[in-house]
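Step one of this worksheet: look at the structure below.
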Amino acid sequence: MVLVAAILMLTACSSEDIQATQTTSSTVETTEASSSSIESPYQGQETRKIKALSQDDIDGLLNGSGTPFGGLAKPAELNGYPGPRHVLDAVESGEFQVTSEQLVQIESLYEEMRSNAIKLGKAIIEAEEAIDTGFSSSAVTENSLQQNIAASVELYGQLRVVHLNTHLSMIDILHPEQVIQYNILRGYSSGGDPCTNVPTGDHDAAMWQQHNNCP
């Protein structure tokens, strides 16, 4: 009887020890997984085919849009230089009016920009894939890395020029009051005082100020 009681007691203790060990182990694993001082903000991105590019980046590059890398045309767009795609969308929705001549110019400008951007976008994807493959295959060398990075940087620079030049050209197509209307439709702040912030291009500064009722 005493022997049976002892066995039962040992069994109970063993079960409690196992449960305690499992609980401790689970707690340690949870703590290690959730509170590391070097926890990466890139978790999940290791499954990307090209680690440096999100799917949105890739789609944007393949479609010739200005959205990749946080916005390729921001210096122009946010300083009052309209983008052709947004103008065309606003015209289609009836929110923005242009002349037939302006419409032809804007459509032509947009198509040329998009064609050039798609070519460069595909090349950038290939360059970034080469960089990624070098590391994933452990075949990367200092020389190959420099070459691939240089190629990607050069292409990226060309792509930015394509997008920014397009915004620059829009200033020569639209009238000053249309530029102001565009920025209002886009929801930007006033963009500063139009009497002092005169866009560069073919517009005469005095005429711009007259259109904007400047003193």
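Using the numbering used here, read the sequence shown as starting at 14 and increasing by one per residue. We put the beta carbon where it would ideally sit given N, CA and C, even for glycine. Note that the structure is a prediction, hence the values are computed from the model and not measured.
Query	Result
Pairwise C-alpha distance: E59 and S49	18 angstroms
For E139 and N76, the rounded distance between their alpha carbons	15 angstroms
Span separating the alpha-carbon of S151 from that of I193	53 angstroms
Beta-carbon proximity check, G93 vs N196, cutoff 8 angstroms	yes
Touching by the beta-carbon criterion (3+ pairs, under 8 angstroms), the region 142-150 and the region 112-119	no
Closest by C-alpha distance to L66, when choosing among R127, I137, G170, E190	I137
Backbone secondary structure at Y169 - three-state DSSP	helix
Supposed close pair G134, L177 - CB separation, criterion 8 angstroms	Not quite, the Cβ-Cβ distance comes to about 15 angstroms (not below 8 angstroms), so this is no contact.
V111 - DSSP class collapsed to helix/strand/coil	coil
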